[in-house]
Amino acid sequence: MSLDLVAYGAFFLTMALTYAVMCLGLNIQWGQTGLFNVGIAAFVAIGAYVSAILTTPDTPDRLGGFDLPIAVGWLGGACAAGVAAWFVGALTIRLRSDYLAIATFGVAVTVQLCVLNLQPLTGGPFGIGFIPRPFNSLAGDPLAFGLANLALMAALVLVLYLALQHLAKSPWGRVLRAIREDEVAAQALGKRPIRFRLQAFTIGGAIMGLAGAAQGHFIGFIAPDNYLPILTFQVWAMLIVGGSGNNRGAILGAIIVWGIWALSAAAVSAFVPPEQQARAAALQIVMIGVGLCLILLLRPRGLVGERRSMLSLGRGRKS
Amino acid sequence: MNPQFIMDGLIAGALIGLGAIGVTLTYSILRFANFAHGEFLSWGAYLALAISGSIGFLSANLTKPIAPFSFGWSLPIAALLAVLLTGVLALALDAVLFGRLRSRGGAVIILVMASFGASLALRSLLEFLFTSKPAYYTKALQIAVRLGGGLRATPDQLLVLGVTLVVVIAIHLLLTRSEIGRSMRAVSENPALAGIAGIDVRRIIRFVWFIGAALACIAGIMTGLLVQIRPYLGHDLLLPLFAAAILGGIGSVPGAMIAGLIVGLSEAAAVQLVGAEWRAAVSFVILVLVLLLRPRGLFGRPA
Numbered sequence: 001m002s003l004d005l006v007a008y009g010a011f012f013l014t015m016a017l018t019y020a021v022m023c024l025g026l027n028i029q030w031g032q033t034g035l036f037n038v039g040i041a042a043f044v045a046i047g048a049y050v051s052a053i054l055t056t057p058d059t060p061d062r063l064g065g066f067d068l069p070i071a072v073g074w075l076g077g078a079c080a081a082g083v084a085a086w087f088v089g090a091l092t093i094r095l096r097s098d099y100l101a102i103a104t105f106g107v108a109v110t111v112q113l114c115v116l117n118l119q120p121l122t123g124g125p126f127g128i129g130f131i132p133r134p135f136n137s138l139a140g141d142p143l144a145f146g147l148a149n150l151a152l153m154a155a156l157v158l159v160l161y162l163a164l165q166h167l168a169k170s171p172w173g174r175v176l177r178a179i180r181e182d183e184v185a186a187q188a189l190g191k192r193p194i195r196f197r198l199q200a201f202t203i204g205g206a207i208m209g210l211a212g213a214a215q216g217h218f219i220g221f222i223a224p225d226n227y228l229p230i231l232t233f234q235v236w237a238m239l240i241v242g243g244s245g246n247n248r249g250a251i252l253g254a255i256i257v258w259g260i261w262a263l264s265a266a267a268v269s270a271f272v273p274p275e276q277q278a279r280a281a282a283l284q285i286v287m288i289g290v291g292l293c294l295i296l297l298l299r300p301r302g303l304v305g306e307r308r309s310m311l312s313l314g315r316g317r318k319s
Numbered sequence: 001m002n003p004q005f006i007m008d009g010l011i012a013g014a015l016i017g018l019g020a021i022g023v024t025l026t027y028s029i030l031r032f033a034n035f036a037h038g039e040f041l042s043w044g045a046y047l048a049l050a051i052s053g054s055i056g057f058l059s060a061n062l063t064k065p066i067a068p069f070s071f072g073w074s075l076p077i078a079a080l081l082a083v084l085l086t087g088v089l090a091l092a093l094d095a096v097l098f099g100r101l102r103s104r105g106g107a108v109i110i111l112v113m114a115s116f117g118a119s120l121a122l123r124s125l126l127e128f129l130f131t132s133k134p135a136y137y138t139k140a141l142q143i144a145v146r147l148g149g150g151l152r153a154t155p156d157q158l159l160v161l162g163v164t165l166v167v168v169i170a171i172h173l174l175l176t177r178s179e180i181g182r183s184m185r186a187v188s189e190n191p192a193l194a195g196i197a198g199i200d201v202r203r204i205i206r207f208v209w210f211i212g213a214a215l216a217c218i219a220g221i222m223t224g225l226l227v228q229i230r231p232y233l234g235h236d237l238l239l240p241l242f243a244a245a246i247l248g249g250i251g252s253v254p255g256a257m258i259a260g261l262i263v264g265l266s267e268a269a270a271v272q273l274v275g276a277e278w279r280a281a282v283s284f285v286i287l288v289l290v291l292l293l294r295p296r297g298l299f300g301r302p303a
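Protein sequence lines, in the order shown, are assigned to chains F and R. Residue numbers for the first sequence follow the numbering used here, beginning at 1 and rising by one. Residue numbers for the second sequence follow the numbering used here, beginning at 1 and rising by one.
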């Protein structure tokens with residue numbers, strides 16, 4: 001019994017950590033640079049699908065299935081999502097800030113459509129199954145399998161965290177914050193805001209793709225339904241709860257929000273009669289939406305928040 | 001290619017245009033892209049459904065179809081009330097959420113984010129109240145009439161085109177000829193200066209919310225009448241609305257309407273040429289083309 005609990009705990013934490021990776025990607029885009037991405041689900045989906053197509057064994061009714069190692073899949077997924085983010089960013093970052101939001105929303109709709117309709121490549125509504133899982137040789141022992149996967153995911157989060165922390169402290173990260181706080185001053189110092197923003201958006205998109213790939217390999221099955229707009233909402237809620245601008249906050253927020261989500265979903269399926277479950281699930285989403293607005297209104301810095309820099313002391317917010 | 005796509009495109013485009021006028025007005029006065037605008041369409045449609053249902057419950061006489069159309073008097077009466085209520089919903093949303101964020105003077109993108117959260121909450125609330133099962137105003141079936149030139153349309157569809165034309169002309173006159181329309185344009189050019197000139201900027205903001213939501217409600221009810229009422233009705237139209245508002249040029253009402261028709265016609269053409277499953281991608285392609293070639297849109301002021 002207690003072993004089952006540990007195995008479940010490992011599964012839960014591993015899932016939460018895949019969301020933490022998405023959250024870290026969003027934190028580069030929003031927390032450090034102020035770029036609003038409404039298409040997180042799209043970049044995650046691109047990463048997951050590219051990785052799945054690269055690593056699954058050859059299948060007769062579907063194009064691709066290259067049977068490559070999982071690491072290649074992770075890398076390919078991250079690169080593909082990064083390229084997609086670069087295209088969207090190059091198109092919109094020089095324009096008004098909310099054009100990027102609208103364009104990423106469009107990307108989310110379009111990627112969902114492509115995943116559903118490009119059946120020969122993506123398996124259509126049925127998705128792709130039999131994605132190789134890391135440590136598959138341990139699959140006979142659920143506990144060892146779960147812990148090994150948890151260790152892998154924790155290592156991924158740790159490496160990303162250290163790298164991003166380093167990046168944020170580096171001159172590059174300082175420029176990003178300077179641009180966010182006062183674009184004109186940064187420009188006067190010879191920094192080109194558009195180029196830096198585009199780099200941040202691309203890196204963030206690539207990390208989201210990596211998260212998608214990692215999640216796909218962990219679960220072993222992907223379908224278009226995993227990448228609905230609700231995923232974007234969840235990741236946003238995670239970052240806002242944890243505190244945007246702070247990488248530790250991003251990870252913490254992911255674990256807390258995923259915990260609340262998983263617990264309330266379990267409560268819904270345990271206590272609500274089956275015919276009312278769809279309604280209860282809708283109410284669960286209302287909660288996330290209202291919660292997001294409440295945090296924006298009441299505690300915009302989130303649980304942890306960013307340590308305020310000197311620049312913000314005399315800030316004049318630009319619209 | 002079957003010329004019928006022109007008729008389908010005009011009808012879809014008229015509805016997109018009506019919604020896009022609201023998007024473009026809120027965008028030009030409040031200066032943010034309101035992701036919750038689509039929910040005004042859905043809420044309008046469901047409010048009208050609930051009200052017309054209760055009217056029909058009180059007097060079955062009012063649900064008898066009015067000659068060529070598929071619905072009885074209960075729907076137009078419900079539509080009027082729903083327009084008012086949707087306007088009130090928008091004002092309430094501004095009072096509890098957007099107004100507060102605005103007065104705090106935060107970045108524009110915080111407003112966009114709040115609208116994103118509000119749209120999620122509003123849409124799921126509809127799903128909770130009415131479930132995701134599609135609903136209809138009436139069960140009556142309609143036969144399409146021949147209009148010549150290979151075009152057909154049902155009386156309901158022709159009515160939708162007529163109502164859209166009247167509403168758009170009325171809004172255009174209101175904005176160009178009336179005192180409040182002039183004040184609106186002043187606020188959209190420069191809110192601070194308009195305030196100094198004695199224009200009550202808050203009143204203008206309330207007016208814009210109300211007009212935008214009212215138009216969205218009308219578009220939502222007509223979409224519900226011609227297709228079906230679903231909680232995702234507004235969400236699925238959001239990308240076309242944004243594409244039309246940006247293609248038309250932010251702040252331009254005639255631009256939004258014309259661009260709405262362009263989006264609608266391109267969607268209908270794509271359905272015939274490429275296939276119905278790709279319909280939703282058309283707005284994205286248009287959006288990308290506009291942002292690439294002419295980011296200020298057809299009738300927009302240069303940024």
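Cβ atoms here follow ideal geometry from the backbone N, Cα and C, with glycine treated the same way.
- With respect to Met257(R), Leu15(R) sits apart: the two C-beta atoms are not nearer than 8 Å.
- Ranking Pro3(R), Ile29(R) and Asn34(R) by CA distance to the CA of Leu241(R) puts Asn34(R) first.
- Close partners of Trp209(R) in chain F (Cβ separation under 9 Å) are lacking, with about 17 Å as the shortest Cβ gap.
- In the displayed model, Leu93(R) falls within a helix according to three-state DSSP.
- Within the same chain, and ignoring the five residues on either side of Leu239(R) in sequence, the residues whose Cβ sits closer than 8 Å to its Cβ are Ala280, Ser283, Phe284 and Leu287.
- Close to Pro295(R), with beta-carbon spacing below 7 Å, are these residues of chain F in chain order: Leu95.
- Not a single C-beta of chain R is nearer than 8 Å to the C-beta of Tyr19(F).
- Chain-ordered, the chain F residues with CB closer than 8 Å to the CB of Arg100(R) read Leu297.
- Residue-level contact check: Ser124(R) touches chain F, since one or more beta carbons of chain F fall below 8 Å from its beta carbon.
- In this structure, Ala154(F) is the residue among Val111(F), Ala154(F) and Thr110(F) with its C-alpha nearest to the C-alpha of Phe218(F).
- Each of Ser97(F), Phe271(F) and Pro120(F) was checked against the Cα of Ile109(R), and the nearest Cα belongs to Ser97(F).
- Residue-level contact by beta carbon fails for Phe299(R) and chain F, as no gap is shorter than 8 Å.
- When rounded, the separation of the alpha-carbon atoms in Asn136(F) and Phe145(F) is 7 Å.
- Sixteen is the threshold: when 16 or more other Cβ atoms of the shown chains lie within 10 Å of the Cβ of Asn247(F), as they do, the residue is buried.
- Interface with chain R (8 Å Cβ-Cβ cutoff): Asp182(F) is excluded.
- DSSP lists Ala135(R) as the bridge partner or partners of Ile229(R).
- Distance from the CA of Ala276(R) to the CA of Ala270(R), rounded to the nearest whole angstrom, comes to 7 Å.
- The way I'd put it, the stretch 124–135 of chain F does touch the stretch 50–61 of chain F; three or more beta-carbon pairs between them come closer than 8 Å.
- Non-local beta-carbon contacts of Gly87(R) in its own chain, meaning distances under 7 Å to residues more than five positions away in sequence, involve Phe210, Ala213 and Ala214 in chain order.
- If one requires a minimum length of 3 residues, no beta strand (DSSP E) run lies completely within the stretch 174–224 of chain F.
- Annotation for Arg146(R): no alpha helix (DSSP H) segment contains it, though the beta strand (DSSP E) segment containing it runs Val145 to Gly148.
- In its chain, beyond the 5 residues on either side, Ile40, Val44, Met208, Ala211 and Val235 have a beta carbon closer than 7 Å to the beta carbon of Met22(F).
- In the DSSP annotation of this structure, the continuous segment of the beta strand (DSSP E) that includes Arg152(R) starts and ends at Leu151 to Ala153.
- Not a single C-beta of chain R is nearer than 8 Å to the C-beta of Asp141(F).
- Rounded to the nearest angstrom, the gap between the Cα atoms of Val286(F) and Ala81(F) is 29 Å.
- The shortest C-alpha to C-alpha distance from Leu18(R) to any of Ala79(R), Arg102(R) and Thr164(R) is the one to Thr164(R).
- A Cβ-Cβ distance of about 11 Å is found for the pair Ala101(F) and Thr232(F), leaving them out of contact under the 8 Å criterion.
- At a cut-off of 8 Å, the C-beta of Trp43(R) has no neighbouring C-beta in chain F.
- Using a Cβ-Cβ cut-off of 8 Å, Trp278(R) counts as an interface residue toward chain F, since at least one Cβ of chain F sits closer than that to its own.
- Under the 8 Å Cβ criterion, the stretch 177–189 of chain R does not count as touching the stretch 40–51 of chain R, having fewer than three qualifying pairs.
- Per the C-alpha coordinates, the member of Leu41(R), Phe5(R), Lys139(R) and Gly9(R) positioned closest to Cys217(R) is Leu41(R).
- In the DSSP secondary-structure assignment, Ile128(F) is bridged to Ile222(F).
- Contact check for Leu198(F) against Ala20(F) fails: the beta carbons are separated by 8 Å or more.
- Counting only runs of 3 or more residues that sit fully inside the stretch 147–231 of chain R, the beta strand (DSSP E) segments are 151–153, in chain order.
- Closer than 8 Å to the CB of Arg279(F) there is at least one CB belonging to chain R.
- Going by C-alpha positions, Thr63(R) is about 35 Å away from Thr26(R).
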